[in-house]
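By our numbering, the letter at position 101 of the sequence shown is numbered 83, and the numbering carries on one by one without gaps.
To start, the structure under review is shown below, and the notes come after it.
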Amino acid sequence: MNSKPELGRFLRTRRAQLRPADVGLPMFDERRRVPGLRRDELAQLAGVSESYYTRLEQGLSLNASREVLDAIARAFRLDETERRHLHDLAGAVRKGGNDRIRRPAPERITETTKRLIDAFGDTPVIVLGRRSDVLGWNRTGHALFAGHLDPRSSEQPDRRPNTARLVFRDAHTRELYADWPKKARDVVGRLRLAVGRHPDDPVLAALIGELTVHSPEFTAMWSEHRVRAWDTANYRMRHPLVGPMDVTQQAMPVPDAQGQRIVAVTAAAGSASQAALTLLAQATAPGGQSPPAGTAPDQQPIAATASAS
């Protein structure tokens, strides 16, 4: 994936999203020819020349200093995740493309990480790689996110589920999230971070290409150049076995494994959502008995909930 146009597109989309009034610039002429800031206005805010900023946006300047990049980040009012993404993109441009790109070795999780997964007990847990591939999960993690798939698929690199592919191309996963657009934007934003950090990864580039071809929704979100941090997110899930629940998905980096993250799912203590997660753990335990589809203590079936809304 060519880093020069990626840097330029990121800068242009950010510039288009800022209005002069957002940064305290006067609007002497309401008939503007650009939707956001002009290059000269952004350069003025960042304290660089217009010609220098133009070369940077066009990928012609390969030696932007950290100070200049930070000044541009401040002018764009980027948050910390976006600022780091800008540095990643600029760093990739400085390094230049690799004419002999090799297919990377499949990601794997260590025995230590496997033991850590086991230590979570019945708390749903999955381990994601830098391309959002599922590298591992516990019993309840599999049941929550992808109970319709073979639980052993995460152990086989050529069959591993990919959360981005599931979110955009799998009907079960789309139905799983009541707030699907929010989940989808989070997934796209994290892929943006991955591309910034690994611009020469051919597997990642192929995934982006596949999703662009098969999902107009992905294409529209991808063109926004938004980035999302791997941290904590709240979602409304509609599980076919235990019903609707409000959960928190918290991502934690795996020590000594670049780009890998453990995602653990919890719900508020004493809530119906926590009861649903407990019921899911009981139903999927060895010898467990599945409850009527779409139900959990003090909750209506999914079908009833959907019909009422």
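All residues carry an ideal CB built from backbone N, CA and C; glycine is no exception.
Buried or exposed: which applies to T118, given that a residue is buried once 16 or more other Cβ atoms fall within 10 Å of its Cβ? Along the sequence shown, read from residue 1 onward, the residue named residue 118 stands at position 136. In the sequence as displayed, the identity of residue 118 is Gly instead of Thr. Buried is the call here.
Candidates G103, S114, G73: closest to R90 by CA position: Indexing the sequence shown from 1 puts residue 90 at position 108. When only C-alpha atoms are compared, the closest one is S114.
Where does R65 fall in DSSP's three states? Within the sequence shown, the letter at position 83 stands for residue 65. Note: R65 maps to helix in three-state DSSP.
Proximal residues to L259 (C-beta, below 6 Å), its chain only, five neighbours per side dropped: Here the question's residue 259 lines up with position 277 in the sequence shown. Closer than 6 Å at the Cβ level, and outside the excluded window around L259, lie A249.
For a test of the three-state rule: what should DSSP assign to L42, helix, strand or coil? Residue mapping note: residue 42 aligns to position 60 of the sequence shown, counting from 1. It is coil, neither helix nor strand.
Quick one: Cα of A294 to Cα of Y217, how far? With the chain represented from -17 up to 291, any question about residue 294 goes unanswered, as that position is not in the structure.
Considering only residues of the same chain and omitting the five flanking positions on each side of D22, which have a CB-CB separation below 7 Å? Numbered from its first residue, the sequence shown carries residue 22 at position 40. Closer than 7 Å at the Cβ level, and outside the excluded window around D22, lie E32.
Label A166 either buried or exposed according to how many other C-beta atoms from any shown protein chain fall within 10 Å of its C-beta, with 16 as the threshold for buried. Start at 1 with the first residue of the sequence shown, and residue 166 comes out as number 184. When all chains shown are included, A166 counts as buried.
Going by DSSP, which residues form a beta bridge with V107? Counting from 1 along the sequence shown, the entry for residue 107 is found at position 125. Looking at the DSSP assignment, V107 forms a beta bridge with A246.
By a C-beta neighbour count over all protein chains shown, 10 Å radius and 16 as the cutoff for buried, is L44 buried or exposed? For the purposes of this step, residue 44 is taken as the residue at position 62 of the sequence shown. Exposed is the call here.
From which residue to which residue does the beta strand (DSSP E) around V229 run? Sequence index remark: in the sequence shown, residue 229 carries index 247 (1-based). First-last of the beta strand (DSSP E) with V229: 225 to 235.
Cβ of R121 within 7 Å of Cβ of T266? Reading the sequence shown from its first residue, position 139 is the one you call residue 121. Reading the sequence shown from its first residue, position 284 is the one you call residue 266. A contact, by the Cβ cut-off of 7 Å.
Of all the options T145, L193, D168, H196, which has the alpha carbon lying nearest to the alpha carbon of L126? Here residue 126 corresponds to residue number 144 of the sequence shown, with the count starting at 1. When each option's Cα is compared against that of L126, the closest is T145.
Going by beta carbon distance, what residues of the same chain come within less than 8 Å of S253, once the five residues before and after it are set aside? The residue labelled residue 253 in the question sits at position 271 within the sequence shown. Taken in chain order, the residues that qualify are D228.
Using the C-alpha atoms, what's the distance from R156 back to V170? Translated into positions along the sequence shown, residue 170 becomes position 188. Translated into positions along the sequence shown, residue 156 becomes position 174. Going from the Cα of V170 to the Cα of R156 covers about 15 Å.
Per DSSP, what are the beta-bridge partners of H221 in this structure? What you label residue 221 is simply residue 239 of the sequence shown in a count that begins at 1. G225, per the DSSP bridge assignment.
Please classify G171: does DSSP put it in a helix, a strand, or coil? Taking the first residue of the sequence shown as position 1, residue 171 is located at position 189. Correct three-state label for G171: helix.
On the DSSP letters alone, give me the boundaries of the alpha helix (DSSP H) that L27 sits inside. One-based indexing of the sequence shown puts residue 27 at position 45. Its alpha helix (DSSP H) spans residues 21 to 28.
Since A215 sits in a beta bridge, which residues does DSSP pair it with? Residue 215 sits at position 233 when you count from the first residue of the sequence shown. Answer by DSSP bridge pairing, in chain order: Q231.
Measure from the alpha carbon of L(-11) to the alpha carbon of each residue in L71, G103, L60, then state which is nearest. Here residue -11 refers to the residue found at position 7 of the sequence shown. Answer by Cα proximity: L71.
Which residues in the same chain have their Cβ closer than 6 Å to the Cβ of A128, if we skip the five residues on either side of it in sequence? Counting from 1 along the sequence shown, the entry for residue 128 is found at position 146. Closer than 6 Å at Cβ, skipping near neighbours: P143.
Give me the Cα-Cα distance between F102 and V247, rounded to the nearest whole angstrom. Here residue 102 corresponds to residue number 120 of the sequence shown, with the count starting at 1. Here residue 247 corresponds to residue number 265 of the sequence shown, with the count starting at 1. Near 10 Å, if we compare the C-alpha coordinates of V247 and F102.
Nearest to T105 by CA position, among G123, L193, T194, is which residue? For the purposes of this step, residue 105 is taken as residue 123 along the sequence shown, with counting starting at 1. With distances taken between Cα atoms, T105 lies closest to G123.
On the three-state DSSP scale, how would you describe D60? Counting from 1 along the sequence shown, the entry for residue 60 is found at position 78. The residue you asked about is not Asp; residue 60 is Leu in the sequence shown. In the structure shown, L60 sits in coil (DSSP, three-state: anything other than H, G, I, E or B).
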